[in-house]
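Right, one structure below, let's go through it.
Here it is, written out as structure tokens:
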């Protein structure tokens, strides 16, 4: 994903170190295998070695804590067969609480997950905070047919109809 590549590039100074850092970023303990992949955004802070820390509570006093059963489908199955169910507490800032105070606390390079209300998922989409020209932007790999590329959208414009955000900051 875009976030995996950005984080690996930020930690690298040549192609060899990039490949090593991509494996470390994308897979728990750097073990390249489908079931050791960090499938969930919250794996970035919950699985060692950590890629980032959850700064959501530091960004807004209005954050909410939700108990999730990651990978658990509504029909009782698993989204990713063989991965198992992962109980996890997810901190998120509800969409209605995303205000100027939140914007002021976001830092360039923060990773943003768009909170998912589904019990088996933590977020539905991921992007990066970009501060440029005195504005805050949400940089993300858009899957919209009109885009299908990396795009920058004004942060508040993108988030105004979303259920909330999870904010991670690289270690």
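In this note's numbering, the protein residues as written are -17 to 153.
C-beta: ideal position from N, C-alpha, C; glycine also.
Nearest candidate by alpha-carbon position, reference residue i, set the options
{"i": "residue -11", "options": "-1, 4 and -4", "result": "4"}
{"i": "residue 30", "options": "47, 6, 52 and 41", "result": "6"}
{"i": "residue 134", "options": "40, -8 and 112", "result": "112"}
{"i": "residue 74", "options": "15, 109, 14 and 105", "result": "105"}
{"i": "residue 132", "options": "153, 16, 110 and 117", "result": "110"}
{"i": "residue 52", "options": "89, -5 and 71", "result": "71"}
{"i": "residue 116", "options": "89, 108, 103 and 77", "result": "89"}
{"i": "residue 41", "options": "152, 147 and 54", "result": "147"}
{"i": "residue 153", "options": "125, 137, 44 and 36", "result": "36"}
{"i": "residue 137", "options": "85, 102, -9 and 151", "result": "85"}
DSSP state of residue i mapped onto helix, strand, coil
{"i": "residue 142", "result": "coil"}
{"i": "residue 122", "result": "strand"}
{"i": "residue 10", "result": "helix"}
{"i": "residue 5", "result": "helix"}
{"i": "residue 168", "result": "Only positions -17 to 153 of the chain appear in the structure, and residue 168 is not among them; the question remains open."}
Start and end residues, alpha helix (DSSP H) containing residue i
{"i": "residue 41", "result": "38 to 41"}
{"i": "residue -4", "result": "No alpha helix (DSSP H) contains residue -4, which DSSP labels as neither H nor E."}
{"i": "residue 28", "result": "25 to 28"}
Legend entry - Given 8 Å, three or more beta-carbon pairs between the stretch 113 to 121 and the stretch 59 to 70: no
Legend entry - Complete beta strand (DSSP E) runs within the stretch 50 to 136 (minimum length 3 residues, chain order): 68 to 76, 93 to 97, 105 to 114, 117 to 123 and 132 to 136
Inset, instruction - Decide if the stretch 19 to 38 is in contact with the stretch 94 to 105; the criterion is three or more beta carbon pairs, one per stretch, under 8 Å apart. - result: yes
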